[in-house]
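J.:
Residue numbers (our numbering): 2 to 216.
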């Protein structure tokens, strides 16, 4: 259940243009550049995600989020990490309240990765944020994920997600290189009434051939 590489890429190492691409992989991904490539071969099970589901209740569009993959890489679409920083990146399965469509949740407004030392890192470098994820890709349906000819997806800004339809996206957040993610959690961000509404990240893969860390 892995999304490989720095961009959204198939586990064979070929880029997937702005699309999450979970699938089996024996090694960590490597940085990639954007160009077309075949669709990843992903089983339904690989898209289901792992661990508990985060229920986001704030705002007018409640939704659920489940982690499919978590990895660290300095590469993100159109936004490489600055010196001494990298990204913790999550492939996420998102769904709305049954029977109701919703506006696509923007990662910065709804989710945040919390980890030990974030506030200290933010004091040292204002580029590090502790209140919300930095950005993310568009949203893609299961059909998109399996199709070799996918469209642009649903925009994360002002896009509409259909009722009773799961979507997949990738979101990222700047962290210091070497940040301790062993107890990192994905939490409801923004003005969440419960600041401890969180789920563990679980295993966080390290880009560049380094071993994973368990959260």
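Ideal placement from N, C-alpha and C gives every residue a C-beta, glycine not left out. Since this is a predicted model, take the numbers as computed values, not measurements.
Ignore the nearest five residues each way along the sequence and tell me which others in residue 143's own chain have a CB closer than 7 Å to its CB.
T.: For the purposes of this step, residue 143 is taken as residue 142 along the chain shown, with counting starting at 1. These residues qualify, in order along the chain: 48, 167.
J.: If you count every other CB in all the chains shown that lies within 10 Å of the CB of residue 159, and 16 or more means buried, which is it?
T.: Along the chain shown, one-based indexing puts residue 159 at 158. Looking at its Cβ environment, which holds fewer than 16 other Cβ atoms inside 10 Å, residue 159 is exposed.
J.: The beta strand (DSSP E) spanning residue 64 covers which residue range?
T.: Taking the first residue of the chain shown as 1, we reach residue 64 at position 63. Unbroken beta strand (DSSP E) run through residue 64: 64-74.
J.: Nearest CA to the CA of residue 114: which residue from 139, 71, 63?
T.: In the chain shown, residue 114 corresponds to position 113, counting from 1. Considering only alpha carbons, the answer is 71.
J.: Assuming residue 136 contacts residue 108 under a Cβ cut-off of 8 Å, what Cβ separation, rounded to an integer in Å, is found between them?
T.: For the purposes of this step, residue 136 is taken as the residue at position 135 of the chain shown. For the purposes of this step, residue 108 is taken as the residue at position 107 of the chain shown. Confirmed, Cβ separation roughly 6 Å.
J.: Can you tell me the Cα-Cα spacing of residue 127 and residue 94, whole angstroms?
T.: One-based indexing of the chain shown puts residue 127 at position 126. One-based indexing of the chain shown puts residue 94 at position 93. C-alpha separation (whole angstroms): 30 Å.
J.: Please classify residue 111: does DSSP put it in a helix, a strand, or coil?
T.: Against the chain shown, residue 111 aligns to sequence position 110. Looking at residue 111 - three-state DSSP - the assignment turns out to be helix.
J.: Give the secondary structure of residue 123 by DSSP, where H, G and I count as helix, E and B as strand, and everything else as coil.
T.: For this step, residue 123 is matched to residue 122 along the chain shown. Residue 123 falls in the helix class under three-state DSSP.
J.: Determine the extent of the beta strand (DSSP E) in which residue 189 is found, giving its start and end residues.
T.: Taking the first residue of the chain shown as position 1, residue 189 is located at position 188. Taken as a continuous stretch (DSSP letters only), the beta strand (DSSP E) holding residue 189 covers 186-189.
J.: Within its chain, find whatever has a CB closer than 7 Å to the CB of residue 81; leave out the 5 residues flanking it on each side and keep chain order.
T.: Indexing the chain shown from 1 puts residue 81 at position 80. Answer for residue 81: 75, listed in chain order.
J.: Which residues mark the beginning and the end of the beta strand (DSSP E) in which residue 56 is found?
T.: For the purposes of this step, residue 56 is identified with residue 55 of the chain shown, where counting begins at 1. Segment 55-57, the beta strand (DSSP E) holding residue 56.
J.: Return the CA-CA distance between residue 89 and residue 101, expressed in angstroms with no decimal places.
T.: The residue given as residue 89 occupies position 88 in the chain shown. The residue given as residue 101 occupies position 100 in the chain shown. So the alpha carbons of these two residues sit roughly 31 Å apart.
J.: Closest by CA to residue 106, which one among 180, 91, 63, 205?
T.: The count along the chain shown starts at 1 and reaches residue 106 at position 105. If we check each option's Cα against that of residue 106, 63 comes out closest.
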